Amino acid sequence: MPVTDRKLDRYLTRIATDKVDLYHHVNRIAHLSLIYKFLQVNHRVTFIIPLKGDCRYLVVITCTENDESAILGLNLDTNRIALDSIIPIAIDLNVSLNGNGGFNIMSNNQYHTFQPINLHALWIAYQTLHDLFRQTRCSTDIAHRWLEEYYNQKIQSKQKPSCHIISNGGAIHTRIYTKLKEIMLEVNLDDVTTKFLYERLENAFGMSLFAHKQYIDTIMLEILAQMDKATEILPYLYLGSEWNASNFEELKAHGIGYVLNVSCEIENFFPEHFQYLNIRVHDHDNVDLLKEWERTYRFMKEAKVNHRGCLVHCKMGISRSASTVIAYLMKEYNQTLTTAFEHVKTRRSCVQPNDGFRNQLVVYEGILAAKRTFP
556 MPVTDRKLDR YLTRIATDKV DLYHHVNRIA HLSLIYKFLQ VNHRVTFIIP LKGDCRYLVV
616 ITCTENDESA ILGLNLDTNR IALDSIIPIA IDLNVSLNGN GGFNIMSNNQ YHTFQPINLH
676 ALWIAYQTLH DLFRQTRCST DIAHRWLEEY YNQKIQSKQK PSCHIISNGG AIHTRIYTKL
736 KEIMLEVNLD DVTTKFLYER LENAFGMSLF AHKQYIDTIM LEILAQMDKA TEILPYLYLG
796 SEWNASNFEE LKAHGIGYVL NVSCEIENFF PEHFQYLNIR VHDHDNVDLL KEWERTYRFM
856 KEAKVNHRGC LVHCKMGISR SASTVIAYLM KEYNQTLTTA FEHVKTRRSC VQPNDGFRNQ
916 LVVYEGILAA KRTFP
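Be aware that the sequence shown starts at 556, since it is given in our numbering, and climbs by one per residue.
Now the structure itself:
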């Protein structure tokens with residue numbers, strides 16, 4: 556459906572066009588038309604800013620049903636649109652200038668760096684995003700379930716990570732992360748020190764990485780946690796991380812047929828090989844995970860009945876997925892919260908549900924007890 560001038564006016568109300576040359580080599584109407592067609596019916600553009608590079612844009616969209624917003628990194632040409640990044644605007648977001656003509660957004664322990672085409676565009680984007688973040692921090696129960704279709708489109712597009720649209724300052728972190736994971740996969744981690752890994756990393760880059768040491772220390776622990784094998788909770792039930800979910804050989808070795816993905820930020824890696832259930836939530840205290848536990852219970856129960864393995868994972872296998880597995884044990888095996896928690900913790904020592912999920916497990920224990928008493 557073509558975009559009329561009247562509809563374009565509505566979308567251009569928050570676009571920085573006064574002093575910013577949005578389109579250097581392409582027709583503005585064509586790009587706006589692509590963006591308009593790309594959005595779901597009940598989603599509207601709140602803000603658009605052009606980024607350095609060919610046909611790249613930061614687009615803020617809002618769901619009219621609940622007023623939740625998200626940032627999309629879009630890469631366009633004359634006949635298609637690719638989704639490079641999706642950043643829900645949630646209470647954990649932080650935006651800061653990077654000193655290189657761009658700004659950084661930190662969300663869910665991940666960095667995203669954007670480079671607007673000029674200073675005026677940078678200023679407008681920075682101010683607008685700050686306003687949105689302030690509004691979000693005053694809100695509660697932000698779930699962003701409406702983004703699931705965009706996550707699916709991002710997976711289907713099979714684009715490279717959003718480092719394509721970030722500045723040199725952000726790209727170095729992406730390169731460090733990739734190289735460090737490569738090094739850690741090559742060595743026996745039982746025999747090496749953090750100093751050894753740091754020196755290998757500097758040798759690979761041929762430069763001092765002292766300025767990035769804090770970042771390296773952080774991701775070193777993250778990668779180490781991801782590289783652990785999935786934990787067998789029961790003969791058919793495994794708890795793990797993003798790394799485990801992406802390891803096809805490990806999944807097949809465990810006889811996995813079902814994968815329960817309890818995260819907003821992780822794609823389904825092998826949808827043609829396994830049955831997936833996605834619970835799109837963040838690891839925040841105020842997230843209502845309890846309301847999902849009936850669905851997740853049925854999914855894990857189905858795997859058990861069909862004699863197939865089920866992997867339950869989030870980013871690290873520590874909070875979201877662990878809480879969901881504990882809830883399953885409580886219902887399926889009539890266990891108390893203490894018994895179920897100790898069973899999981901004994902097998903996977905890093906398990907640590909956030910305070911909000913802990914409280915929900917207490918409530919869930921009461922709900923299950925009431926149902927047993929008054930069936």
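C-beta: ideal position from N, C-alpha, C; glycine also. Source: prediction; values computed, not measured.
Selected residue, minimal CA-CA separation from residue i, among the options
i: Leu752; options: Leu776, Thr729 and Ala877; result: Leu776
i: Ile644; options: Ala895, Glu741 and Glu623; result: Glu623
i: Arg863; options: Thr894, Val742, Lys734 and Phe829; result: Phe829
i: Ile834; options: Lys859, Val860 and His868; result: His868
i: Tyr706; options: Lys900, Ile642 and Ser763; result: Ile642
i: Leu702; options: Arg903, Ile626, Ser662 and Ala895; result: Ile626
i: Gln890; options: His728, Phe854, Ile873 and Arg927; result: Arg927
i: Arg875; options: Arg903, Arg850, Val899 and Phe912; result: Phe912
i: Phe824; options: Leu806, Val814, Ser801 and Glu849; result: Ser801
i: Ser662; options: Ile922, Asp838, Ile590 and Glu822; result: Asp838
i: Glu741; options: Leu756, Ile727, His728 and Thr729; result: Leu756
i: Ile881; options: Lys870, His898 and Met871; result: His898
i: Ala759; options: Leu735, Ile616 and Val614; result: Leu735
i: Thr789; options: Gln769, Gly810 and Glu804; result: In the sequence under discussion, the amino acid at residue 789 is Leu, which differs from the Thr named in the question. Looking at the Cα atoms, Gly810 is the closest of the given residues.
i: Gln769; options: Gly761, Glu787 and Thr749; result: Thr749
i: Met771; options: Glu847, Ile731 and Ala808; result: According to the sequence displayed, residue 771 carries Ile and not Met. Of Glu847, Ile731 and Ala808, the residue nearest in Cα terms is Ile731.
i: Gln665; options: Lys807, Thr773 and Lys607; result: Thr773
i: Cys610; options: Arg635, Val814 and Phe593; result: Arg635
i: Met871; options: Asn799, Val814 and Glu827; result: Asn799
i: Asn743; options: Asp783, Thr894, Ala808 and Phe765; result: Asp783
Residues near residue i by beta carbon distance below 6 Å, same chain, minus five either side
i: Phe688; result: Leu648
i: Tyr852; result: Tyr883 and Lys886
i: Leu892; result: Leu916 and Glu920
i: Gln714; result: At Gln714, the pLDDT of 38 sits below 50, so the modelled position is not reliable; the number obtained from the coordinates is stated separately. Within the same chain, Gln714 has close Cβ partners Ala637 and Asp639.
i: Ile721; result: Residue confidence is low: Ile721 scores 33 on pLDDT, short of 50, so the model does not pin down where it sits. Its coordinate-derived value is still stated next. Thr668.
i: Leu792; result: Cys865
i: Pro716; result: Unreliable placement is indicated for Pro716, whose pLDDT of 36 sits below 50; no coordinate value is reported for it.
i: Val817; result: Ile834, Cys869, Arg875, Ser876 and Thr879
i: Glu620; result: Asn597
i: Met739; result: Ile778
i: Phe896; result: Ile881
i: Tyr888; result: none
i: His699; result: Glu623 and Pro643
i: Phe593; result: Ile636
Same chain, Cβ closer than 7 Å to residue i, neighbours up to 5 away in sequence not counted
i: Asp910; result: Asp840
i: Cys618; result: Asn597, His598 and Trp701
i: Asp576; result: Confidence at Asp576 is low in this model, with a pLDDT of 43, below 50, so its placement is unreliable and the value that follows should be read with caution. Nothing listed; no residue qualifies.
i: Leu923; result: Met885 and Lys886
i: Glu704; result: Gln595
i: Thr572; result: Because Thr572 sits at a pLDDT of 41, beneath the cut-off of 50, its placement in the model cannot be relied upon, and the point is left open.
i: Ser763; result: Glu757
i: Cys819; result: Pro643, His699, Arg835, Val836 and His837
Cβ neighbours of residue i in the same chain (closer than 8 Å, five flanking residues each side left out)
i: Gly812; result: Phe829, Gln830, Ala858, Asn861, Arg863, Gly864 and Cys865
i: His579; result: Residue confidence is low: His579 scores 43 on pLDDT, short of 50, so the model does not pin down where it sits. Its coordinate-derived value is still stated next. Excluding positions up to five away in sequence, the list is empty.
i: His685; result: Val650
i: Tyr681; result: Val650, Leu652 and Phe658
i: Val918; result: Leu845
i: His767; result: Ile727, His728 and Ile731
i: Arg850; result: Leu832 and Ile834
Cross-strand partners of residue i (DSSP beta bridge)
i: Asn816; result: Asn833 and His868
i: Tyr888; result: Per DSSP, none; premise fails for Tyr888.
i: Pro908; result: None, per the DSSP bridge assignment.
i: Tyr612; result: Pro605 and Leu629
i: Leu638; result: Leu629
i: Thr901; result: In the DSSP output, where bridge partners are listed per residue, Thr901 has none listed.
i: Ser624; result: Thr617
i: His598; result: Cys618
i: Ile811; result: Gly864
i: Gly795; result: His868
Cβ distance (whole Å) where residue i is taken to contact residue j below 8 Å
i: Ile727; j: Ile604; result: Incorrect: roughly 23 Å between the Cβ atoms, too far for contact.
i: Ala785; j: Leu779; result: No, Ala785 and Leu779 are not in contact; Cβ-Cβ is about 15 Å, not under 8 Å.
i: Leu629; j: Ile660; result: Wrong, their Cβ atoms sit about 15 Å apart, outside the cutoff.
i: Glu797; j: Ile821; result: 5 Å
i: Ile873; j: Val836; result: Not a contact, Cβ separation roughly 14 Å.
i: Glu787; j: Arg902; result: 7 Å
i: Leu832; j: Phe854; result: 5 Å
Chain B within 8 Å of residue i, Cβ atoms only
i: Pro605; result: Within the model displayed, chain B is absent; a lone protein chain is all it includes.
Could you pull out every unbroken beta strand (DSSP E) segment of at least 3 residues lying fully inside the segment 641 to 690, listed in chain order? Listed in chain order, the complete beta strand (DSSP E) runs (minimum 3 residues) inside the segment 641 to 690 are 649 to 652, 658 to 662 and 665 to 669.
Where are the beta strand (DSSP E) runs, 3 residues long or more, that stay fully inside the segment 726 to 793, in chain order? Counting whole runs of 3 or more residues, the segment 726 to 793 contains the beta strand (DSSP E) stretches 786 to 789.
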